[in-house]
Amino acid sequence: MTAKELVEKFELEVIAGPNLTVEIDGAYCGDLLSNVMARAEKSNLWLTVQGHQNVVAVALLVEISAVILVEGFEYDEQAIQKAEAKGVNLLKSSDKCYELAAKLAASGI
Amino acid sequence: MQKQQIMCKEIESFDFQSGGEASSNLKNILRKLGVNSDLVRKTSIVTYELEMNVVIHSLGGEITALISEEELEIRVDDVGPGIEDLDKAFTPGYSTASNEIREMGFGAGMGLVNVKRYADKLTIESSKENGTHVKVLIKLF
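So the sequences go chain by chain: Y and S. Here the first sequence stands for residues 1306 to 1414, where the numbers follow this note's numbering. Here the second sequence stands for residues 48 to 188, where the numbers follow this note's numbering.
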């Protein structure tokens, strides 16, 4: 599934979408950046409540397919600018982290 | 074997805007050099953790990367204030970061633990007077 298909299927909001044709493979949930660095895998979606610019840096290093900010949190303006510049997809959902993760898992991600 | 310098970047204290750029630059350089993706990932994690330590805890510093045919060397030198208790700094979960930093998802006390996990060799010297000097070796084969 591509990020674009994911957005349509789960009615996610695209905050920055410079690379929506990227393929998704699995997902990781977490808000501690060291853990995300160590445990998330390439092409994973990353579900988090962190919306600041260092999320973009971590997503870029781990090669996350898209960040999904859950539970209605907002991205910082600097995060959005950085994501557009560096090609990182930033999505948003009002679902709770577990609810969205369960939906993703049920769909085979 | 002579090592060649492939990157040297200054890191400023509390510069969250540029935080991660040294790691990101190094990642691109290593990819262009044809280093395999597992090693690029390991190196990225190590460099990012150390880079953010400089941003969060130090008064500024510098990251240098060198490469030979056998190994990669990452050197991180800052100007202080030093790590008060090195043993504690390697304890999973131990952190001296402020609440503000923790709220951003840093300060989980896993930074140096991650560095140690991925480094083939790690040396740290730290003092109040001379700052912190980290050297990490990652074998390329």
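For each residue, glycine too, the CB sits at the ideal point set by N, CA and C. These figures come from a predicted structure and were not determined experimentally.
Beta carbon proximity, residue 1359/Y to chain S, threshold 8 Å: Yes, residue 1359/Y lies at the interface with chain S (some Cβ there is under 8 Å from its Cβ).
If residue 1376/Y sits next to residue 1334/Y, beta carbons under 8 Å apart, how far is it from one beta carbon to the other, in whole angstroms? Their Cβ separation, rounded to whole angstroms, is 12 Å, which puts residue 1376/Y and residue 1334/Y out of contact at 8 Å.
Between which two residues does the alpha helix (DSSP H) holding residue 120/S run? Counting along the chain, no alpha helix (DSSP H) covers residue 120/S; the unbroken beta strand (DSSP E) around it starts and ends at 118–125.
In or out: residue 145/S buried (at least 16 other Cβ within 10 Å) or exposed? It counts as exposed.
Any chain Y beta carbon closer than 8 Å to residue 48/S: With 8 Å as the cut-off, residue 48/S does not count as an interface residue toward chain Y.
Would you list the one or two residues that DSSP bridges to residue 1372/Y? According to DSSP, residue 1372/Y bridges with 1351/Y, 1395/Y.
Hey, out of 1342/Y, 1362/Y, 1339/Y, 1371/Y, whose CA is closest to residue 1348/Y's CA? Sorting 1342/Y, 1362/Y, 1339/Y, 1371/Y by C-alpha distance to the C-alpha of residue 1348/Y places 1371/Y at the top.
Thinking residue 1395/Y and residue 1385/Y are a contact (beta carbons under 8 Å), I'd like their distance in whole angstroms, please. Yes, they are in contact, since the Cβ atoms of residue 1395/Y and residue 1385/Y sit about 6 Å apart, within 8 Å.
Are the region 136–145 of chain S and the region 73–83 of chain S touching by the rule of at least three beta carbon pairs closer than 8 Å? Taking 8 Å as the limit for Cβ pairs, the verdict is that the region 73–83 of chain S does not touch the region 136–145 of chain S.
Neighbourhood of residue 170/S by C-beta distance below 6 Å, restricted to the same chain and skipping five residues each side: Taking residue 170/S as the centre and dropping the five residues before and after it, the same chain places the C-beta of 182 closer than 6 Å to its C-beta, in chain order.
Can you give me the Cβ contacts of residue 1306/Y inside the same chain, cut-off strictly under 6 Å, excluding the 5 residues immediately before and after it? Around residue 1306/Y: 1329.
How long is the line joining the alpha carbons of residue 1400/Y and residue 126/S, rounded to whole angstroms? About 44 Å.
Kindly say whether residue 1350/Y, judged by its beta-carbon, lies nearer than 8 Å to any beta-carbon of chain S. Judged by the 8 Å Cβ criterion, residue 1350/Y is not in contact with chain S.
One question on the structure: do residue 168/S and residue 187/S come within less than 8 Å of each other, judged by their Cβ atoms? In this structure, the beta-carbon distance from residue 168/S to residue 187/S does not fall below 8 Å.
Hey, residue 161/S and residue 98/S are a contact pair by Cβ (cut 8 Å); roughly how many whole angstroms apart? 12 Å between Cβ atoms; not a contact.
When you compare each of 63/S, 89/S, 110/S to residue 193/S by their alpha carbons, which one comes out closest? Missing from the structure shown is residue 193/S; chain S here goes from 48 to 188 and no further.
Every unbroken alpha helix (DSSP H) within the region 79–139 of chain S, with a cutoff of 4 residues, ordered by chain: Those alpha helix (DSSP H) runs which fall completely within the region 79–139 of chain S and span 4+ residues are 84–104, 133–136.
Measuring straight from C-alpha to C-alpha, what distance separates residue 1390/Y and residue 109/S? Rounded to the nearest angstrom, the two C-alpha atoms are 24 Å apart.
For residue 64/S, go through chain Y and note every residue whose CB falls closer than 7 Å to its CB, in chain order. Neighbours of residue 64/S on chain Y, chain order: 1358, 1383.
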